[in-house]
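To start, the structure itself, in structure tokens.
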Amino acid sequence: MRTAEIRRRWLDYFEQRDHTVVPSSSLISPDPSTLFVIAGMVPFIPYMLGQQTPPWQRATSVQKCVRTLDIEEVGKTTRHGTFFQMNGNFSFGDYFKEGAISYAWELVTGSQADGCYGFDPDKIWVTVYHDDDEAAALWKRIAGLPEERIQRRGKKDNYWTTGQPGPAGPCSEIYVDRGAQYGADGGPVVDEDRFLEIWNLVFMQYAIDDVRSKDEFRIVGDLKQKNIDTGMGLERVAYLLQGVDNLYEIDEVFPVITAAQELSGRRYGASRDDDVRMRVVADHVRSALMLIGDGISPSNEGRGYVLRRLLRRSVRAMRLLGVEDPALPHLFPASKDAMGQSYPELVTDFDRISRIAYAEEEAFRRTLVAGTTILDTAVAQIKRSGGLTLPGDQAFALHDTYGFPIDLTLEMAGEQGLTVDEKGFRELMTTQRERARADAKSKKGGQAASTAYRALREPGATDFTGYTELSTPSTVRGMLRDGAPVHAATEGDTVEVVLDRTPFYAESGGQDSDAGVITADGARLEVLDVQRPIKGLVVHTVRVVEGEITTGTDVLAQVDPEWRLGARQAHSGTHVVHAALREVLGPDALQAGSYNKPGYLRLDFAYNQALSPSARSEVEDVANRAIRKDLGVSWQYMSLPEAKAWGAIALFGETYDDQVRVVEIGGPWSRELCGGTHVDHSSQIGLIALTGESSVGSGSRRVEALVGLEAFHHLARERALVATLTDALKVRPEELPERVASVVARLRDAEKELAGLRQGRLLAGAGALADAAVVLGTTRTVAHDAGEVSSVDDLRALALDVRGRMGQDAAVVALGGIVKDRPVVLVATNAPARDSGLRAGALAKTAAAVLGGGGGGKDDIAQGGGTDVTLLPAALAAVRDTVVTAGGGR
Ligand code: SER
């Protein structure tokens with residue numbers, strides 16, 4: 013049975029039983045404290061908690077989910093996938109345990125001819141929470157399951173939580189026995205590979221908080237109503253019903269393995285290592301496809317980083333399969349074709365999706381090239397100094413800075429005969445991981461806050477008045493300190509304040525939050541930040557600068573008008589720059605992210621190469637012309653489909669309400685979905701000066717600009733700079749570039765000449781040094797400190813010159829010098845000296861040992877170095893002593 017068919021049967025079955033079919037929501041988690049939707053119930057949490065009234069009492073969905081905690085396990089087991097689909101049926105205060113168990117039993121074991129899945133009832137086992145006698149009795153009565161196929165387990169296995177404060181409850185899981193060839197008998201408590209869990213029925217009836225682990229949390233009370241949340245793993249059922257061995261071989265995933273086989277010329281099933289690689293590719297490519305489909309782009313943090321890792325791991329796995337050419341352009345279409353039936357938007361949007369994926373592969377390939385060069389240089393250096401091991405910190409730097417995977421470092425260092433200090437590398441990785449965990453913990457504090465925010469949101473959404481006024485009388489609805497509710501705050505305190513109504517714009521859509529004050533009788537609060545941590549709730553972070561404030565107080569909330577004017581200029585400026593970019597570079601140069609605050613804007617957009625200086629000027633020119641045209645700025649509300657049909661640009665990664673606000677500047681020239689604050693006419697923006705253009709990851713560029721007075725000040729500063737230079741160089745402004753170039757060229761020539769003169773002077777002393785050689789035994793020896801020299805090469809040239817003047821007898825020349833504050837000793841020996849056992853390499857090592865550094869080289873010329881220049885005389889003396897004892901003195 014195809015996966016799409018299993019999915020369809022699920023939705024039909026529950027729709028026929030009065031459940032409303034709810035489309036999957038995006039993979040982006042609605043809760044800011046988690047990255048992705050991890051279960052089918054996530055979009056329904058507010059209904060379960062009773063924070064919102066559910067529009068229906070029964071619902072069903074097939075929800076897209078991503079879990080990446082077990083990413084390293086992917087491909088190695090039969091059931092770990094980063095992307096999966098969860099079939100769910102939900103009851104909000106309607107049916108409970110009995111209904112959930114009856115439906116599940118019928119759908120699992122009912123015949124395929126009747127639209128069910130047709131599993132053999134004798135192969136079904138279930139588990140219940142250890143004291144849930146009610147569920148156990150229902151399984152006996154409804155399904156006729158014998159006692160021994162109803163197993164009881166503790167909190168860790170049979171109590172479901174999201175891992176965060178919220179709804180939770182005991183659960184009952186349904187397993188299918190795959191047969192003796194997959195493991196030991198005895199049910200899921202013995203072997204979870206043989207007994208595969210397909211469906212989890214959660215009896216959601218409690219609210220929990222203080223979640224420390226799977227089985228450590230605090231039950232704070234009953235939910236308003238008893239709910240049912242079930243989740244069936246669509247992929248798992250598919251692999252059972254399709255008679256394959258694991259989820260990578262089902263119809264929606266295997267086509268990528270087929271493509272990987274074709275590309276690599278290797279066969280799936282021939283070697284375990286290759287099989288794992290192909291499964292990794294199949295899983296990751298599909299997950300990446302779905303994530304990009306939902307508007308996520310590769311980046312170095314959060315969701316974008318997960319996506320980047322998935323893409324890079326795929327490319328890396330293909331490399332290990334012997335494919336060095338771009339692989340994604342073959343793999344992505346295969347995955348799109350497999351998933352397109354269930355998700356048609358993947359097909360219509362594939363152009364954009366594939367562009368992002370392929371650009372990331374290109375970028376990673378460049379990383380591999382850069383990393384390889386760095387690794388090669390490090391390896392060469394280590395070899396030169398006689399080492400055999402690549403230090404852990406270098407392996408870590410390659411990994412951390414260049415995204416160079418450790419297995420690649422191991423493999424490539426091995427090819428060159430070096431081992432890697434893996435222990436050191438792992439220690440650094442652990443430190444980094446611990447730091448990340450500590451970070452995540454500190455964010456967890458925010459989860460307690462998120463419960464408190466929900467409570468503050470309950471009486472209704474904050475009324476935003478800031479489109480029409482800057483000063484609004486309001487009332488303090490509540491306050492939080494460190495995430496916990498407080499009743500009062502006094503001078504010096506920093507707290508979060510929620511008002512009934514506010515003119516303060518909360519940071520969103522790229523626009524920074526408003527600045528200003530909130531005042532009350534005798535109290536003055538300075539607004540430091542304004543955020544909307546959950547939908548509909550505006551939270552002001554304030555410092556109490558005067559007086560005291562309590563919940564319920566009447567206040568006046570006042571946005572700083574200067575600030576707001578700057579914010580409007582900057583935000584409208586961002587739209588103007590966006591439209592200008594698309595006019596100059598083409599409509600594909602779509603905004604991928606932006607940030608603006610008074611005087612400044614930055615905008616990231618999709619584009620594959622750096623802007624040429626002329627393109628940059630043109631963008632700036634188009635933007636400033638639009639300002640000069642004094643275009644009208646207007647906004648209106650409409651439905652999302654209407655807005656799209658109207659050509660308004662919706663940004664990926666943003667979630668929009670049914671009714672959206674469309675802001676226009678100059679009619680269709682700039683039409684964007686935007687909740688920001690804007691000027692009334694484009695001329696009010698004043699001036700835009702582009703100040704920078706750079707890369708922000710593959711396929712994405714960033715422009716930065718100053719706006720309004722800031723732009724003017726910037727240009728004025730540049731003018732002053734030019735004036736200083738023309739003054740100093742005594743030229744007209746337009747002659748500056750030429751003059752600077754000629755000054756630089758002359759400087760370079762002079763430096764070259766100086767270096768030549770220095771070397772000449774040094775070499776001129778060669779004759780005198782040779783003449784002053786002392787005879788130690790039979791060896792003529794020069795041991796001389798040349799003082800400061802420009803380079804080691806100069807010292808080497810002098811050593812060779814002196815050696816050449818010493819005639820046919822055995823000769824050793826040792827020259828000390830200081831190069832860039834560090835001591836160096838150069839040793840040269842001639843053939844008769846070498847014959848008598850005096851080798852330059854060994855002598856240089858002797859000198860280096862005194863200098864506290866390393867040394868070596870060939871038998872005829874070698875060098876040693878160190879750190880302490882005061883030891884140079886001692887180092888030369890050591891060479892002299894060695895000549896005396898090792899041969900010369902004989
Ligand atoms: N929330 C439960 C799970 O994810 C059942 O849907 O397993």
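Take the sequence shown: its letter number 126 is residue 138 in this note's numbering, and every next letter is one higher.
Every residue, glycine too, gets a C-beta built ideally from N, C-alpha and C.
Suppose you measure from the CA of residue i to the CA of residue j; what does that come to, to the nearest Å?
i: residue 222; j: residue 571; result: 37 Å
i: residue 89; j: residue 101; result: 28 Å
i: residue 25; j: residue 250; result: 17 Å
i: residue 578; j: residue 609; result: 7 Å
i: residue 842; j: residue 433; result: 40 Å
i: residue 276; j: residue 387; result: 26 Å
i: residue 621; j: residue 716; result: 16 Å
i: residue 355; j: residue 599; result: 26 Å
i: residue 830; j: residue 769; result: 18 Å
i: residue 649; j: residue 677; result: 15 Å
i: residue 127; j: residue 243; result: 19 Å
i: residue 134; j: residue 13; result: 21 Å
i: residue 574; j: residue 611; result: 11 Å
i: residue 477; j: residue 514; result: 6 Å
i: residue 141; j: residue 535; result: 55 Å
Going by Cα to Cα distance, which pick from the options is closest to residue i?
i: residue 248; options: 794, 264 and 619; result: 264
i: residue 844; options: 821, 586, 21 and 39; result: 821
i: residue 799; options: 816, 818, 787 and 827; result: 827
i: residue 340; options: 520, 172, 271 and 861; result: 271
i: residue 225; options: 660, 167, 279 and 610; result: 167
i: residue 92; options: 292, 114, 283 and 607; result: 292
i: residue 892; options: 792, 880 and 816; result: 792
i: residue 260; options: 94, 440, 148 and 408; result: 94
i: residue 80; options: 110, 49 and 66; result: 49
i: residue 174; options: 60, 895 and 236; result: 60
i: residue 657; options: 674, 345 and 647; result: 674
i: residue 136; options: 82, 311 and 157; result: 157
i: residue 654; options: 633, 284 and 683; result: 683
i: residue 853; options: 838, 586 and 865; result: 838
i: residue 232; options: 280, 255, 194 and 180; result: 180
i: residue 562; options: 503, 601, 582 and 758; result: 503
With 16 as the cutoff for other CB atoms within 10 Å, does residue i come out buried or exposed?
i: residue 492; result: buried
i: residue 453; result: Per-residue confidence for residue 453 stands at a pLDDT of 47, beneath the threshold of 50, marking its modelled position as unreliable; the derived number appears in the next sentence. Looking at its Cβ environment, which holds fewer than 16 other Cβ atoms inside 10 Å, residue 453 is exposed.
i: residue 870; result: exposed
i: residue 457; result: Low confidence applies here, because residue 457 scores a pLDDT of 44, under 50, leaving its location unreliable and the question unanswered by this model.
i: residue 455; result: Only weak support exists for where residue 455 lies, its pLDDT of 44 falling under 50; the value from the coordinates is given anyway. It counts as exposed.
i: residue 107; result: buried
i: residue 9; result: This structure cannot settle anything about residue 9, because the visible part of the chain is limited to 13 through 902.
i: residue 965; result: The displayed coordinates of the chain run from 13 to 902. Any statement about residue 965 would go beyond what the structure contains.
i: residue 779; result: exposed
i: residue 300; result: buried
i: residue 702; result: buried
i: residue 882; result: exposed
i: residue 209; result: buried
i: residue 395; result: exposed
i: residue 576; result: buried
i: residue 317; result: exposed
i: residue 619; result: buried
Verify the CB distance criterion: does residue i have a CB-CB separation below 8 Å to chain D?
i: residue 786; result: Of the protein chains in this structure there is only one, and it is not chain D.
task = Pair every Cβ in the region 591-603 with every Cβ in the region 720-732, then say whether three or more of these pairs are closer than 8 Å.
result = no
inquiry  = Just to confirm the assignment: which complete beta strand (DSSP E) runs, minimum length 3, are found wholly within the region 541-595?
reply    = 549-558, 560-562 and 566-571
message = Any contact between the region 181-192 and the region 162-172? By contact I mean 3 or more CB pairs, one from each, below 8 Å.
response = yes
task = Please list the segments of the beta strand (DSSP E) lying wholly inside the region 844-880, counting only runs of 3 or more residues, in order along the chain.
result = 867-869 and 873-877
Runs of alpha helix (DSSP H) lying entirely within the region 434-518, each at least 4 residues, in chain order = 434-469
key: Segment contact flag, the region 730-745 with the region 630-647, C-beta cutoff 8 Å, min 3 pairs   = no
query = Is it a yes or a no for the region 549-567 touching the region 504-513, going by three-plus beta-carbon pairs under 8 Å?
reply = yes
task = Would you mind listing the beta strand (DSSP E) stretches within the region 741-811 that are 3+ residues and don't spill past its ends, in chain order?
result = 786-788 and 791-800
request  = Starting from the N-terminal side, write out each stretch of the alpha helix (DSSP H) that is 4 residues or longer and does not extend beyond the region 124-212.
outcome  = 145-150 and 167-170
query = Are three or more beta carbon pairs between the region 199-214 and the region 110-126 nearer than 8 Å?
reply = yes
ask   = So does the region 359-368 actually touch the region 399-413, counting three or more Cβ pairs closer than 8 Å?
value = no
query = Any contact of the region 333-349 with the region 364-383, i.e. 3+ C-beta pairs under 8 Å?
reply = yes
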